[in-house]
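First the structure, in the form of structure tokens, and then the observations on it.
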Amino acid sequence: MNYAYVRVSSITQSTARQLEEINKFEVPKRNIYIDKQSGKDFNRKNYQKLIKKLRKNDLLIIKSIDRLGRNYKDVCDQWKYITKDKKADIYVIDMPMLDTRKSPDNLWGVFVADLVLQLLSFIAENERINIKQRQAEGIKIAKKNGVKFGRPSFSIDQNFIEYFHKFRRKEIKIEEILKVFNISKATFYKYAKSLTE
């Protein structure tokens with residue numbers, strides 16, 4: 058049985074391009090599973106439904122490997138789960154080397170697919186490390202140049218006290234205070250409590 062998985066990162070994005078490619082593979086509409094959410098992990102409603110449906114010798118078709126997920130370590134784990142544990146096959150349209158189907162013209166399919174996936178995983182992990190390193194270097198330079206990080210600190214001044222008393226007299230609503238001082242409700246109540254003690 059043929060299945061397909063389509064994912065976009067948000068509800069406003071279109072699935073049309075992926076579906077157009079998948080429709081070339083005779084996948085019944087009921088077997089096309091679509092998620093409109095981030096690929097940071099695999100806690101996706103329709104992906105989980107799809108995994109439960111997959112059986113031995115089924116074929117899962119996806120447009121590109123990043124549609125499965127963004128974290129390549131997790132993608133590798135899912136790949137192994139689908140191909141080794143469930144004994145289903147995967148075909149990635151944009152990367153035909155990622156095709157685990159065993160056939161006379163695809164003798165090395167599983168081997169090559171696993172190898173390519175490991176390579177992609179290594180590249181992605183390296184890129185994550187480089188991004189973190191660049192971020193750390195950027196933060197260090199910014200701090201050295203006096204850039205402050207985080208929410209600016211808030212302190213009670215006469216202006217806040219006046220607004221607080223207006224609030225207690227029900228002359229203004231809390232939303233107005235939050236907007237004027239750019240603070241959260243929790244911060245307001247924290248400082249309001251100190252004024253009433």
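Mapping the sequence shown onto the numbering used here, position 153 (from 1) lands on 210, and the numbers just tick up by one.
Positions of the beta carbon are idealized from the N, C-alpha and C atoms, including for glycine.
Kindly list the residues whose CB is nearer than 8 Å to the CB of residue 152, restricted to its own chain and excluding five residues on each side of it in sequence; keep chain order.
Taking the sequence shown and counting its residues from 1, one reaches residue 152 at position 95. 121, 122 and 173.
Could you pull the start and end residues of the alpha helix (DSSP H) that residue 249 belongs to?
Your numbering for residue 249 matches position 192 in the sequence shown. 242-253 is the extent of the alpha helix (DSSP H) around residue 249.
State the DSSP-derived secondary structure class of residue 68, mapped to helix, strand or coil.
Start at 1 with the first residue of the sequence shown, and residue 68 comes out as number 11. Coil at residue 68, not helix or strand.
Determine the DSSP secondary structure at residue 145, reduced to helix, strand or coil.
Taking the sequence shown and counting its residues from 1, one reaches residue 145 at position 88. Residue 145: coil per DSSP, three-state reduction.
C-beta contact flag for residue 23 and residue 90 at 8 Å
The chain is shown from 58 up to 254; residue 23 falls before or after that span and cannot be answered.
Quick check on the burial criterion: 16 or more other C-beta atoms within 10 angstroms. Buried or exposed for residue 105?
On the sequence shown, position 48 is the one that residue 105 refers to. That one is exposed.
Start-end ranges of the alpha helix (DSSP H) lying completely within the stretch 92-153, minimum 4 residues
102-110, 122-125 and 129-137
As assigned by DSSP and simplified to three states, the class of residue 156:
Numbered from its first residue, the sequence shown carries residue 156 at position 99. Note: residue 156 maps to strand in three-state DSSP.
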